[in-house]
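First the structure, in the form of structure tokens, and then the observations on it.
In the numbering used here, the protein residues as written are 72 to 187.
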């Protein structure tokens with residue numbers, strides 16, 4: 072992975088995303104669209120793991136998926152694009168982190184009250 076993508080992926084990992092998801096998002100942020108084969112090649116993920124990652128990203132509603140038929144025989148291949156802007160994804164992650172911190176603070180406050 073290129074320098075900036077590595078830094079983006081590492082930062083996403085530090086925010087709690089898994090390495091495969093972070094690498095995939097970092098790459099999709101730099102291209103208009105990517106095939107599952109391309110994602111596997113660039114991220115170093117085996118094909119089954121690419122499919123798992125894409126399923127997770129679909130659950131977050133962060134990507135679009137479409138199929139294109141190959142010329143001749145064979146299964147169609149999948150092409151992915153980001154459905155929302157990368158900044159929107161960052162905002163969602165920021166909100167998740169903020170909520171997690173607020174939950175921890177509420178638990179600590181409750182413990183202090185119980186300890187009186």
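The beta carbon of each residue, even a glycine, is placed where N, CA and C say it ideally should be.
All of these numbers come straight from a predicted model, not from anything done at the bench.
Start-end ranges of the beta strand (DSSP E) lying completely within the segment 88-141, minimum 3 residues: Positions of the beta strand (DSSP E) runs, each at least 3 residues long and wholly inside the segment 88-141, are given as 134-139 in order along the chain.
Assuming residue 152 contacts residue 120 (C-beta within less than 8 Å), just tell me the rounded distance between them. Within the chain shown, the letter at position 81 stands for residue 152. Within the chain shown, the letter at position 49 stands for residue 120. At roughly 20 Å, the Cβ-Cβ gap does not stay under 8 Å, so residue 152 and residue 120 are not in contact.
How big is the Cα-Cα spacing for residue 150 and residue 117? Walking along the chain shown from the start, residue 150 turns up at place 79. Walking along the chain shown from the start, residue 117 turns up at place 46. Computed Cα separation, rounded: 16 Å.
What does the alpha-carbon distance come out to for the pair residue 100 and residue 184? Along the chain shown, one-based indexing puts residue 100 at 29. Along the chain shown, one-based indexing puts residue 184 at 113. Going by the C-alpha atoms only, they are around 46 Å apart.
Are the Cβ atoms of residue 92 and residue 128 separated by less than 8 Å? Counted from its first residue, the chain shown places residue 92 at position 21. Counted from its first residue, the chain shown places residue 128 at position 57. Yes.
May I have the straight-line CA-CA distance separating residue 179 from residue 186, to the nearest angstrom? The residue given as residue 179 occupies position 108 in the chain shown. The residue given as residue 186 occupies position 115 in the chain shown. Cα to Cα, the separation comes out at about 10 Å.
Reference residue 133, options 154, 161 and 113, closest by Cα: In the chain shown, residue 133 corresponds to position 62, counting from 1. In this structure, 154 is the residue among 154, 161 and 113 with its C-alpha nearest to the C-alpha of residue 133.
Within the continuous beta strand (DSSP E) that includes residue 83, where are the two ends? As a first step, residue 83 is located in the chain shown; it is residue number 12 there, counting from the start. Here residue 83 belongs to no beta strand (DSSP E); instead the alpha helix (DSSP H) covers 74-85.
Return the chain-ordered ranges of every alpha helix (DSSP H) run that is complete within the segment 155-185 and spans a minimum of 4 residues. For the segment 155-185, whole alpha helix (DSSP H) runs of length 4 or above, ordered along the chain, are 157-185.
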